[in-house]
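So the structure is just underneath, and the comments pick up after that.
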Amino acid sequence: MKKDILSLTFQELSDEVSALGFPKYRSAQIFRWLHKSGVRSFSEMTDLPLAAREQMDYNFVIFSCAIEKKLISAYDSTVKYLFRLHDGEFVESVVMKYKYGYTICVSSQVGCRMGCSFCASTLNGVVRNLYASEILSQLYAAENDLGVRISHIVLMGMGEPLDNYDNVLRFLQLVTDEKGKQVGMRHISLSTCGIVPKIYDLMEKDLQLTLSVSLHAPNDALRSAMMPVNKKWGVAALIDACRAYTERTSRRISFEYALVKGKNDFPECARQLAVLLKGMLCHINLIPVNEVAETGCKRSTPENVKKFADILAEKGYAVTVRRELGADINAACGQLRRSAEQMQPSENPKKTEVSSEVRISN
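Heads up, the sequence shown is in the numbering used here, so the first residue is 7 and it goes up one at a time.
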């Protein structure tokens with residue numbers, strides 16, 4: 007079995023290279039090729055002797071992502087990729103442009119087992135976890151395709167990152183390595199639906215990333231109806247873990263709250279949420295739910311969104327309403343899927359296809 011070289015830390019790679027009898031300095035060369043250049047084959051490592059490249063190819067594999075399909079929003083230039091993995095499975099990733107630069111939303115699993123009632127990623131369950139290399143390769147493939155540097159990462163794509171804890175931690179170690187891509191930990195956000203034991207585990211790592219918690223309801227009855235994970239770890243246990251996390255790390259938590267019309271967008275829900283989070287170092291991010299045909303969930307009206315936000319703001323909370331990006335290509339939060347056949351623009355607007363890219367026009 008060939009070893010997954012892109013998932014190896016620098017020290018692990020150095021040990022492997024030394025075992026092959028290569029000079030010590032080759033480790034840094036190979037690590038740079040993998041993590042700064044994002045090469046997809048050993049033949050691209052042109053400053054290595056041919057014999058060394060052949061030996062690397064015999065012992066290792068580079069798990070890269072192939073662009074199966076690509077959609078570009080006509081409204082905000084958001085890009086959505088459908089990536090084909092080495093085993094033929096698919097994941098989606100999204101690249102968004104902001105004033106400060108580019109952010110990529112990466113997937114951590116093929117599908118998702120969490121079963122949240124408003125999310126497309128979980129409709130067909132989970133197939134498998136992604137290796138650290140496969141999470142990394144989404145970033146590298148997007149950068150190479152777009153010809154830009156992506157400086158911010160959000161683990162908010164398909165899958166529950168804390169359900170793939172070990173691979174996600176290894177990904178974070180690799181992507182922040184000063185010898186590699188060197189993305190700042192404060193430029194990374196990790197989202198969880200509330201796997202409480204893993205929040206405590208993450209807390210012990212004392213990482214300076216932003217933890218985003220998908221809350222979506224202020225009480226057990228409502229949250230359990232929307233998010234099955236709440237039946238195992240209820241609201242009280244989740245909030246206790248979040249309070250412990252902020253106290254240990256001194257990092258503000260971002261609570262995500264998808265507003266679904268007629269379910270969790272009532273003023274009383276906002277008032278309950280204000281009581282629930284009282285005194286916590288946090289930010290509340292309201293998300294008018296992004297509609298997915300199979301779920302039947304409808305987005306809250308602008309009037310209800312404003313009323314909800316105003317109640318929280320009056321209680322002294324930092325609250326924002328998330329700006330929707332990529333709506334015309336189904337690239338918004340909760341809309342990512344793993345099916346090539348289902349990767350279509352919203353309402354099927356006119357499109358032109360150029361190689362593997364689909365550009366949406368008005």
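By construction, the Cβ of each residue, glycine as well, lies at the ideal position given by its N, Cα and C atoms.
query	result
Short Cβ contact (8 Å threshold) for N157 with V189	It should be pointed out that residue 157 corresponds to Ser in this sequence rather than to Asn. Yes; because the gap between Cβ atoms is below 8 Å, this pair is in contact.
Secondary structure of Q115, DSSP reduced to three states	strand
Close Cβ partners of H92 (< 7 Å) along its chain, the five nearest in sequence each way excluded	F69
Cβ distance (whole Å) where A264 is taken to contact F124 below 8 Å	6 Å
Boundaries (first-last residue) of the beta strand (DSSP E) holding E98	96-104
A346 versus A72: straight-line alpha-carbon distance, rounded	Confidence in A346 is poor, its pLDDT being 48 and thus under 50, which makes the residue's placement unreliable; the coordinate value appears in the next sentence. For A346 and A72, the distance between alpha carbons rounds to 13 Å.
Beta-ladder partner(s) of E262, from DSSP	S220, N291
One or two residues paired with S197 in a DSSP bridge	S218
Near the ligand ATP: Y323 beta-carbon under 7 Å from a heavy atom	Of ligands this structure carries none, so the ligand ATP is not represented either.
Alpha-carbon spacing of H222 relative to F177, whole angstroms	27 Å
DSSP state of K9 mapped onto helix, strand, coil	strand
Cα-Cα separation, T15 to G268	48 Å
Buried or exposed (CB count within 10 angstroms, at least 16 for buried), D169	buried
Contact under 8 Å by Cβ, S99 with Q144	yes
Limits of the alpha helix (DSSP H) - the one that T252 falls within	241-255
Test item: CB-CB of V45 and R32 under 8 Å	no
First through last residue of the alpha helix (DSSP H) which encompasses L318	308-320
C-alpha distance - G117 paired with E140, whole-angstrom precision	14 Å
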